[in-house]
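Participant: Numbering (my numbering), first residue to last: 15 to 242.
The C-beta atom is built at its ideal place from N, Cα and C for all residues, glycine as well.
For clarity, every value in this text was computed on a predicted model and none was experimentally measured.
Dumping the structure here so I can ask a few things about it.
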């Protein structure tokens, strides 16, 4: 399933007319997307159900329900990749979005070329892998095809990024991975939130897996999955 190329239906949720027009025109003309552009969160949730959306570009500062709530509602029934647009450059805002299941952030002002590059990086991470693969360690079973994780047979609900991070640890059992390496492997590009993002997601994984010892902190080096 090697579909790193762009194209397909992209849902753009942006209330600023100038930005919406610029992004829509660039992505359609340069990368071959079919862009469905809406200006409110309420419309975004409805359009996601009506179209075979491959990726969502979602502004935080929307009229009505904001981007955080839209992301929460989308994640309740969809694992579609989400890139959030924000004029805010505060780390708590970035972390909040990631905890809700966003895959990446782009801070305004940005160039359409930068946004397109991030979209391609996300698609490479999400779509270019063996979807039939099952990864296991300890009492954890991760199934890529269904994106389901179980611990001792009980299903564990993870966000898209938590799932990808756990898969990365399961692919490297017993190997120490630095925060910078995890950013590269899971986020795919230099992430503006910095390595704090990794710490937040590891903490969430430990809590949801119900086993604080499953992912060990190696002081001064990073993290590793305890294989047994």
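(1) If I follow the unbroken alpha helix (DSSP H) through residue 33, where does it start and stop?
(2) When burial is assigned at 16 or more other CB atoms within 10 Å of the CB, is residue 95 buried or exposed?
(3) Look up residue 68 in the DSSP assignment and say whether it is helix, strand or coil.
(4) Taking the beta strand (DSSP E) that residue 217 belongs to, which residues open and close that run?
(5) Run the CB neighbour count on residue 189, radius 10 Å, all protein chains shown included, and call it buried at 16 or more, exposed below.
(6) Assign residue 147 to one of two classes, buried (16 or more other C-beta atoms within 10 Å of its C-beta) or exposed (fewer than that).
(7) Determine the contact status of residue 222 and residue 170, defining contact as a CB-CB distance below 8 Å.
(8) So is residue 55 buried or exposed if we call it buried at 16+ other beta carbons inside 10 Å?
(9) Pull up the distance between the alpha-carbon of residue 126 and that of residue 33, whole angstroms please.
(10) Given that a residue counts as buried once 16 or more other Cβ atoms are within 10 Å of its Cβ, and exposed if not, what is residue 64?
(11) Under 8 Å, do residue 246 and residue 132 count as touching if we go by C-beta distance?
(12) Name, in chain order, the residues that DSSP records as bridge partners for residue 121.
(13) Could you please give the first and the last residue of the uninterrupted beta strand (DSSP E) stretch that includes residue 170?
(14) Flag this pair as yes or no: are the beta carbons of residue 137 and residue 156 separated by less than 8 Å?
(15) Where does residue 94 fall in DSSP's three states?
(16) With distances taken Cα to Cα, identify the nearest neighbour of residue 99 among 87, 88, 76 and 192.
(17) Could you check how far apart the C-beta atoms of residue 112 and residue 89 are, in whole angstroms? I think they sit under 8 Å.
(18) Taking the alpha-carbon positions, what's the residue 186 to residue 26 distance?
(19) Does the separation of the CB atoms of residue 130 and residue 44 fall below 8 Å?
(20) Express the C-alpha separation of residue 50 and residue 57 in angstroms, rounding to a whole number.
(21) Please list, in chain order, all residues of the same chain as residue 227 whose beta carbon is under 8 Å from its beta carbon, the five residues on each side excluded.
(22) In or out: residue 224 buried (at least 16 other Cβ within 10 Å) or exposed?
(23) Are the Cβ atoms of residue 37 and residue 71 separated by less than 8 Å?
Facilitator: Per the coordinate set shown:
(1) 31-45
(2) The residue in question, residue 95, is buried, as its Cβ has 16 or more Cβ neighbours within 10 Å.
(3) strand
(4) For residue 217, no beta strand (DSSP E) run applies; the uninterrupted alpha helix (DSSP H) run containing it begins and ends at 210-223, by DSSP.
(5) exposed
(6) exposed
(7) Yes.
(8) buried
(9) 9 Å
(10) exposed
(11) Since the displayed the chain opens at 15 and closes at 242, residue 246 lies outside it and no answer follows.
(12) Beta-bridge pairing by DSSP links residue 121 to 100.
(13) 168-170
(14) no
(15) coil
(16) Measuring from the Cα of residue 99, the nearest candidate turns out to be 76.
(17) Actually they do not touch by this definition, with Cβ atoms about 11 Å apart.
(18) When rounded, the distance between both Cα atoms is 35 Å.
(19) yes
(20) 11 Å
(21) 240
(22) Per the 10 Å Cβ criterion, exposed.
(23) yes
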